[in-house]
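Residue numbers are given in the UniProt record's numbering: position 281 of the sequence shown equals residue 281, and the series is strictly consecutive. Heads up, the beta-carbon is just placed ideally off N, CA and C, and yes, glycines get one too.
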Amino acid sequence: MKIGIDKIGFYTPHLYVDMNELANARGVEPEKFTVGIGQSQMAVTPITQDAVSLAANAALHIIDEEDKEKIDLVIFGTESGIDHSKSAAVYVHHLLGINPQARCIEAKQACYGATAAIQLAKGHIALHPESKVLVLGADIARYGLNTPGESTQGAGAVALLISAEPRILALEEKSAYFTADIMDFWRPIYSDIAFVDGKFSNEQYIWFFNKVWEQYQEKTDLTLNDINAICYHLPYTKMGLKALRTIIEQASEEQKEQLLSNYQISTAYNRNVGNIYTGALYLSLLSLLEQNKDLKDGSRIGLYSYGSGAVGEFFTGILQPNFKEHLNKEQHTSLFASRKQISIEAYEEIFEEELPTDGSTTELDITQDPAPICLAGISDNMRQYVNKLTK
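Written out as structure tokens, the structure is:
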């Protein structure tokens, strides 16, 4: 029985800043952002969006009534959780009207959370082939204004429907994973801004990649020539390329060209969104599948997931017959086209906006947010969400 990705959804806020303008405002050469880290635009999150609403919007257009009845497990990978006790998955489960006879949990391990969710989903489907699992990866990356990490912020969500006999990507059985206790990136409970040792984190990202790639080859007897493309977790789009270059000489000349070309295609969406933490790898996969015109059914796709702190995993999947028919390229093209560029001043004002933390009631203006699902306010210490399609 095949198990894997049956549907993929994506959402990002309707606002963004141009990285050239951000560079000029910060007094640095634009090429440092556009070439050095490979980012063109950065999503900006209005106060009416959080991890819950982003994830719900990503899933909204991919699950139908039959899916809602068959989904009996929702796993939400995030490091932008809104509650220390209640999982973000429960909120999304309600907003989407999913079958109440379901389990809902939140998974946290930096940017690795959604990958952990997928692996748990595989096991669940193996035991319950008739079930479906909704995996969500949503985050808002924040490092602060005028900080070294500011240019690697972003926001967005990816929703993955995992099922038996998937129509997009069948996950192969074997994977390689590795954990080590390191402090390359973290966010204490008391802080809404992450702390990062950038140089160390980049080094560990690459070290973990080489470690799990070596383990994967030992487990499977496959080589780089057996893989048509590798998608990477992308905190910024140049990061994955640095890792790929450490193994590219293992491939034939023809395969080198294919891997490098596919890598660039896989970064298209991330380049214009920024870092979305748990969803970044799967946004890269979505970009590859929707933007590559030459990928064929049966191609093997490698996926490298890295979550600081740190956990790394390498696994693969096989593209299924007619997989392109089950993508939502037109919708995602429209989503990008409908976004609004804002000034650096407007971005800074939005960044500084905060929800009350003292239990006071607040009502937010959702009329300026075109998203179907929004955060409408807080009442009695409870977040209030609105699905405009059902209101």
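Item: Beta strand (DSSP E) segment containing Met382, residue limits; Value: Met382 to Asn387
Item: Exposure of residue 413, with buried meaning 16 or more beta-carbon neighbours within 10 Å; Value: Residue 413 lies beyond the range of the chain shown here (1 to 391); nothing can be said about it.
Item: Status (buried if at least 16 other CB within 10 Å, exposed otherwise) for His93; Value: buried
Item: Three-pair Cβ contact test at 8 Å for the region 300 to 309 versus the region 218 to 237; Value: yes
Item: Assumed close pair Ile82, Arg339 - CB separation to whole angstroms, cut-off 8 Å; Value: Rounded, the Cβ-Cβ distance is 24 Å, inconsistent with contact.
Item: Leu283 at chain C interface by Cβ criterion, 8 Å; Value: Chain labels in this structure do not include chain C; a single protein chain is all it has.
Item: DSSP beta-bridge partners of Phe33; Value: DSSP, once it has assigned bridges, lists no residue as partnering Phe33.
Item: Three-state class that DSSP yields for Lys7 in the structure shown; Value: strand
Item: Distance, Lys238 Cα to Arg26 Cα; Value: 21 Å
Item: Within 8 Å, strictly: CB atoms of Phe10 and Leu283; Value: yes
Item: 6 Å Cβ shell around Ala107 - same chain, five flanking residues per side excluded; Value: Ile75, Gly77, Gly113, Ala116 and Ala117
Item: Proximal residues to Ile62 (C-beta, below 8 Å), its chain only, five neighbours per side dropped; Value: Lys7, Ile8, Gly9, Ala159, Leu161 and Asn328
Item: Collapsed DSSP secondary structure at Tyr304 in the structure displayed; Value: strand
Item: Residue ranges of each beta strand (DSSP E) within the region 84 to 121, 3 or longer; Value: 103 to 107
Item: Three-state secondary structure (DSSP) of Leu355; Value: coil
Item: Distance between beta carbons of Asn225 and Ala251, contact taken as under 8 Å; Value: 6 Å
Item: Where Val311 falls: helix, strand or coil (DSSP); Value: strand
Item: Nearest-angstrom Cβ-Cβ length linking Ala55 and Ala164, presumed shorter than 8 Å; Value: Contact doesn't hold; Cβ gap of about 23 Å is too wide.
Item: Given 8 Å, three or more beta-carbon pairs between the region 176 to 189 and the region 199 to 214; Value: yes
Item: Segment contact, 8 Å Cβ cut-off, at least three pairs: the region 39 to 57 with the region 356 to 375; Value: yes
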